[in-house]
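See below for the structure under consideration.
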Amino acid sequence: MPVEVILPKVDMDMTHGTLAVWHVAEGEMVQKGAALFDIETDKAAMEVEAPASGSLHHITAQPGDKVAVGTIVAWLYAKDEAVGAAPLTAAAKQDAPPPVTVALPADITPPLSAPSFPPPQAEALAQRATPSARHAARSAGIALERVRGSGPLGRVQRDDVTAFLQSAPQTPATAPWVPQSGPLHISRRKGQGLPLVLFHGFTADSQSWAPLEKALGPQQPLIRIDLPGHGKSPRRRIAGFAELARMVVEAFDEATREHDKVHLLGHSLGGAMALALADIRGRKLASLSLISPAGLGPEVDADALAGIVRASRAESLAPWLRRLTATPDGISDDYARAAMAPRKDPAMRAAQADMTAALFPDGVQAFDLRPALQRIEAPTQILWGRQDHILPYRHALAADGDFAIHLLKGAGHIPQIECPDRVARIVQRLIAGCDAPV
């Protein structure tokens with residue numbers, strides 16, 4: 201049977217998306233996992249991969265169409281599978297006329313057929329599970345019989361499958377990788393006023409700023425720098441935080457060569473980088489904003505870091521991504537699949553695993569930037585989610601220095617994604633105050 205191609209949900213509050221472009225024409229073959237079409241939302245643009253190999257038929261949405269999440273936009277037919285009329289959707293089937301019942305004459309007796317019942321033994325042996333649990337287990341490639349059910353009569357729930365994936369021993373990312381040369385990747389957005397330099401967090405990339413960039417508005421000029429081994433930057437082998445900081449300073453100097461002053465914003469490990477930069481290049485800073493910065497205390501959710509780094513598929517990545525938000529429902533399965541797409545390269549995951557060992561040995565932060573925070577002279581603020589499960593917000597309360605603290609209720613480790621409008625207002629207030637003439 202043909203495979204449905206649906207418009208997925210790729211961010212937390214998405215209800216519709218605009219189909220931007222088809223990468224495959226009607227009737228053309230596509231391989232599973234290849235780019236099929238692009239969608240655009242209010243927060244991001246993203247490629248959608250083919251859910252199966254086959255030829256594309258019965259396209260229902262054209263470039264520029266606004267489509268509801270979950271809508272079937274096409275079908276994929278396997279090789280040599282006959283292509284007929286477009287299959288009926290569930291809605292179309294509901295609208296179909298009811299079947300006509302023809303009464304047989306009284307003297308005609310319909311043939312009897314033996315009722316079909318499943319063998320009692322097979323039914324008894326079958327693992328009880330909810331449909332969502334069966335789908336999750338099938339997607340993860342695990343047998344339901346291996347999962348202990350917590351529901352009535354031992355029925356396997358979706359949460360049971362998730363717990364099994366989290367507890368199952370996983371092979372670390374040990375794929376060989378070769379260090380690469382070349383400068384760190386820098387991208388820009390033009391605007392008015394002093395630029396805002398952005399440093400993303402560990403295992404993220406510059407695209408993770410998309411929700412906040414939209415909230416900041418198009419007038420704010422931006423300079424984005426991908427950390428080594430992240431995004432489009434080359435993979436680098438580092439011995440520790442100081443070596444990583446030297447690489448970032450070089451990229452910062454190159455990126456801001458034409459500017460006397462810049463604003464600086466960093467998240468998590470990128471916040472630690474921003475803080476180190478502020479200490480080294482303080483004269484160039486107009487303001488410093490830090491979101492859940494690393495380096496202000498030893499504690500860190502090392503299990504989540506390791507889980508994200510070693511995840512080789514969306515099903516094993518999703519449970520750890522849900523640690524990043526205030527509540528687990530902040531990350532959908534479709535969001536996890538989208539996040540996994542740029543992480544399919546085992547060499548990149550292996551490089552990040554080595555970086556984890558260098559920066560967070562034995563599950564602690566091996567660098568302390570609290571003395572640097574005390575030396576900062578530029579206007580500084582720290583934003584932290586009260587429900588941060590990765591880095592505790594008490595790190596900010598224990599630190600000393602001249603800075604403002606914004607504790608965000610209902611936000612976790614990534615408030616720039618969970619509540620971008622609020623974060624944008626806080627950042628813009630500091631920028632506006634620093635840019636205002638005295």
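According to the working numbering, the sequence shown holds residues 201 to 638 in order.
The beta-carbon is built from N, C-alpha and C at its ideal position, and this holds for glycine as well.
Since the model is a prediction, treat every value here as computed from it, not as a measurement.
Scanning its chain for C-beta atoms nearer than 6 Å, with the 5 sequence neighbours on each side dropped, one finds around Asp360 the residues Val347, Gly349, Ser350, in chain order. Annotated three-state conformation of Ala514 is helix, per DSSP. Under the DSSP assignment, Asp359 falls in the alpha helix (DSSP H) whose first and last residues are 358-367. Shown here for Met447: same chain residues with a beta carbon closer than 8 Å to its own, the five before and five after excluded, namely Leu384, Pro428, Arg436, Ile438 in chain order. A direct Cα-to-Cα measurement between Val248 and Gly227 gives close to 18 Å. Scanning its chain for C-beta atoms nearer than 6 Å, with the 5 sequence neighbours on each side dropped, one finds around Val627 the residues Ser489, in chain order. If you draw a straight line from the Cα of Leu398 to the Cα of Thr218, it is about 27 Å long. The residue among Arg483, Ala538, Arg537 with its C-alpha nearest the C-alpha of Arg575 is Arg483.
DSSP assignment within the stretch 403-477 yields the following whole beta strand (DSSP E) runs of 3 residues or more, N-terminal first: 422-425, 462-467. Residue pairing of Ala268 in beta bridges, as defined by DSSP: His216. In its chain, beyond the 5 residues on either side, Asp501, Ala504, Arg523, Leu524, Gly612, His613 have a beta carbon closer than 8 Å to the beta carbon of His589.
Look at Leu559 here: in three-state DSSP terms it is helix. The residues Phe441, Gly495, in chain order, have a CB closer than 6 Å to that of Phe567 in the same chain once the five nearest residues on each side in sequence are set aside. Here Glu226 carries a coil assignment [DSSP, helix/strand/coil]. DSSP, reduced to helix, strand and coil, places His606 within a strand of the structure shown. Tyr277 has Ser255 as its beta-bridge partners, per DSSP. For Gly382, the CB contacts under 7 Å within the same chain, skipping 5 residues up- and downstream, are Pro434 in chain order. Glu618 sits in a helix when the DSSP states are folded into three classes. The straight-line gap separating the alpha-carbon atoms of Gly507 and Arg594 is approximately 24 Å.
Boundaries of the beta strand (DSSP E) harbouring Arg388: 386-389, taken from the DSSP string. About 16 Å separates the Cβ atoms of Leu422 and Arg457, ruling out a contact at the 8 Å cut-off. In the three-state DSSP reduction, Glu499 falls in the coil class, being neither helix nor strand. Going by C-alpha positions, Asp600 is about 57 Å away from Ala274. About 6 Å separates the beta carbons of Ile206 and Thr271, which is inside the 8 Å limit, making them a contact pair.
In the three-state reduction of the DSSP assignment, Trp377 falls in the coil class.
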